[in-house]
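Notes to accompany the following structure.
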Amino acid sequence: MVKLLSVVGARPNFMKVGPLHRAFQKYTGSIEHVILHTGQHYDERMSKIFFEDLELPQPDIYLGVGSGSHAEQTAKIMTAFEAALQEQRPDCVIVVGDVNSTLACSVTSSKLGIPVVHVEAGLRSNDRGMPEEINRLVTDVLSDHLFVSEPSGLENLRREGVPDEKVHFVGNVMIDSLIHFKAKAESSTIRTDIGVGDSPYVLITLHRPSNVDSRENLGKILDIFKGLPQEYKLVFPVHPRTKDRLKTFGLWDDFANLPNIILGEPTGYLDFLHLMMNSALLLTDSGGIQEETTYLQIPCLTLRENTERPVTITEGTNRLLSLNPAEVIRAAEDALSGNTKKGRIPELWDGHAAERIAAIMNTLFTTGGTK
Ligand code: UD1
């Protein structure tokens with residue numbers, strides 16, 4: 040029996056580990072799968088609700104590290120994770136995505152000589168100003184096996200000299216979750232609950248430090264909101280970081296007083312999927328939403344200078360825009376008038392990525408393959 044330990048920490052991790060956990064259930068005779076939650080995200084709406092929505096079991100281990108500066112948070116995770124590894128003694132650690140928990144746990148495992156597997160490897164924004172880019176680079180350089188979601192990941196890893204035999208192109212585990220839960224999300228009552236009903240709306244999420252940590256940029260975002268076609272409601276579930284910054288800069292009321300805005304708390308997975316599926320347009324700076332809208336073939340305007348997920352632009356419905364209100368408003372008007380590409384669904388985004396990973400892991404770790 041081989042013991043695999045998957046790490047989750049922050050909101051975008053849960054929908055990636057969910058399908059892996061389901062896929063490992065097929066190998067109960069040979070694989071024991073343990074889930075560890077670092078506690079990087081801890082609010083009910085940033086964490087617990089996702090376990091319920093994604094039908095994930097309670098984590099086997101909870102480190103409860105909480106927030107802090109990057110160094111502080113990373114150090115707390117490493118210290119607590121080292122102790123957990125010494126107790127659990129897994130044969131392999133699986134990390135997903137690019138959050139601080141991903142970096143902290145891959146460094147700790149590799150120093151203890153425990154093989155590391157990275158799911159969603161190879162993505163690069165080529166912008167080291169983004170904390171996630173540092174997390175991706177460090178995690179990939181330490182990983183023993185790298186599971187890749189889009190062709191750019193293969194090119195990046197090859198260019199960085201990662202041997203081909205460590206790299207596996209398997210598709211997108213987050214899209215596995217979307218496909219698995221789409222039908223269930225249809226029956227969510229969130230549109231009635233928040234009062235948007237059957238009105239057309241633009242769905243908005245913003246939380247990147249580059250957008251929300253400066254008053255000037257939040258002012259530009261307010262100008263964008265004011266300039267979007269008024270017949271659309273603006274549905275904006277606000278991330279805790281963004282809420283904190285809006286309050287600190289004294290801008291919360293300016294947003295709350297817009298006549299067509301619906302400001303809310305972060306939603307769970309199923310409610311958010313429902314909101315995406317029914318929206319006219321997404322305005323976001325998220326990584327994952329660029330992919331989910333590409334799969335759903337809904338137009339997405341991403342308020343960032345770059346993306347680590349270029350397939351969402353070359354094949355999908357995503358468009359990158361810098362924080363220039365006139366340009367963003369023009370692009371939104373264009374998209375809302377139906378002047379957008381429909382795009383196509385990228386290769387292997389078919390709902391079976393986690394099954395491919397489980398099959399490969401089973402071969403590598405339980406049937407005499409090399410670790
Ligand atoms: C983290 C990830 C980011 C991901 C995002 C999704 C890193 C470097 N960043 O950013 O890649 O897109 O999660 O949400 O790992 N807070 C709460 N409750 C919580 C969690 C956080 O109130 O449950 C507040 C705290 O004030 C905290 C701030 O949000 O200081 C930021 O949290 P943190 O985990 O540091 O980064 P995120 O901005 O959430």
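If you read the sequence shown in the working numbering, its first letter stands for residue 40, the second for the next number, and so on. Backbone N, C-alpha and C fix where the C-beta goes; we use that ideal spot for every residue, glycine too.
Beta-carbon contacts of residue i that lie in its chain and below 7 Å, excluding the five residues immediately before and after
{"i": "L302", "result": "F275, V277, F294 and A295"}
{"i": "D389", "result": "G210"}
{"i": "S361", "result": "E344"}
{"i": "I263", "result": "P364, V367 and I368"}
{"i": "A49", "result": "Q79, H80, V138 and S140"}
{"i": "A119", "result": "L102 and V104"}
{"i": "G234", "result": "I301"}
{"i": "T351", "result": "Q329, E330, T333 and N357"}
{"i": "T353", "result": "none"}
{"i": "S238", "result": "K272"}
Presumed contact (8 Å Cβ cut-off) between residue i and residue j, rounded CB distance
{"i": "L267", "j": "I368", "result": "6 Å"}
{"i": "K223", "j": "L309", "result": "6 Å"}
{"i": "Y240", "j": "A319", "result": "7 Å"}
{"i": "M10", "j": "L335", "result": "Nothing can be reported for residue 10, as the shown portion of the chain is limited to 40 through 410."}
{"i": "A160", "j": "T113", "result": "Incorrect: roughly 19 Å between the Cβ atoms, too far for contact."}
{"i": "S148", "j": "V132", "result": "4 Å"}
{"i": "F404", "j": "D130", "result": "6 Å"}
{"i": "A397", "j": "L93", "result": "Not really, about 17 Å apart at Cβ, beyond 8 Å."}
Residue range of the unbroken beta strand (DSSP E) whose run includes residue i
{"i": "L273", "result": "K272 to P276"}
{"i": "I88", "result": "Unbroken run through I88 is the alpha helix (DSSP H), K87 to D92; no beta strand (DSSP E)."}
{"i": "T244", "result": "Y240 to T244"}
{"i": "K42", "result": "V41 to V47"}
{"i": "G303", "result": "I300 to G303"}
{"i": "F311", "result": "Segment Y308 to M316 is the alpha helix (DSSP H) holding F311; no beta strand (DSSP E) there."}
{"i": "V206", "result": "V206 to F208"}
Close-in-space but distant-in-sequence residues of the same chain around residue i (CB under 8 Å, 5 per side omitted)
{"i": "L151", "result": "E121, L124 and Q125"}
{"i": "R128", "result": "K42"}
Boundaries of the alpha helix (DSSP H) in which residue i is found, first to last residue
{"i": "F6", "result": "The structure shown does not extend to residue 6, since the chain spans only 40 to 410, so no value can be given for it."}
{"i": "V180", "result": "P170 to L181"}
{"i": "L257", "result": "R254 to G266"}
{"i": "E225", "result": "V212 to E225"}
{"i": "N195", "result": "P190 to R198"}
{"i": "F63", "result": "R50 to F63"}
{"i": "N357", "result": "First-last for N357: N357 to L359, but that is the beta strand (DSSP E), not the alpha helix (DSSP H)."}
{"i": "V367", "result": "P364 to L375"}
{"i": "A398", "result": "A392 to T405"}
Close-in-space but distant-in-sequence residues of the same chain around residue i (CB under 6 Å, 5 per side omitted)
{"i": "P51", "result": "G136 and G327"}
{"i": "K205", "result": "H184 and L185"}
{"i": "I27", "result": "Because the chain is modelled from 40 through 410, residue 27 falls outside the range shown and cannot be assessed."}
*asked:* Measuring CB atoms only, is the stretch 380-389 touching the stretch 326-342, in the sense that at least three cross pairs come out at less than 8 Å?
replied: With the cut-off at 8 Å, the stretch 380-389 and the stretch 326-342 touch.
*Touching by the beta-carbon criterion (3+ pairs, under 8 Å), the stretch 184-193 and the stretch 204-218*: Yes, the stretch 184-193 touches the stretch 204-218.
*Please determine if the stretch 84-101 and the stretch 171-178 are in contact, where contact requires at least 3 C-beta pairs separated by less than 8 Å.*
Below 8 Å, too few C-beta pairs join the stretch 84-101 and the stretch 171-178 to call them touching: fewer than three.
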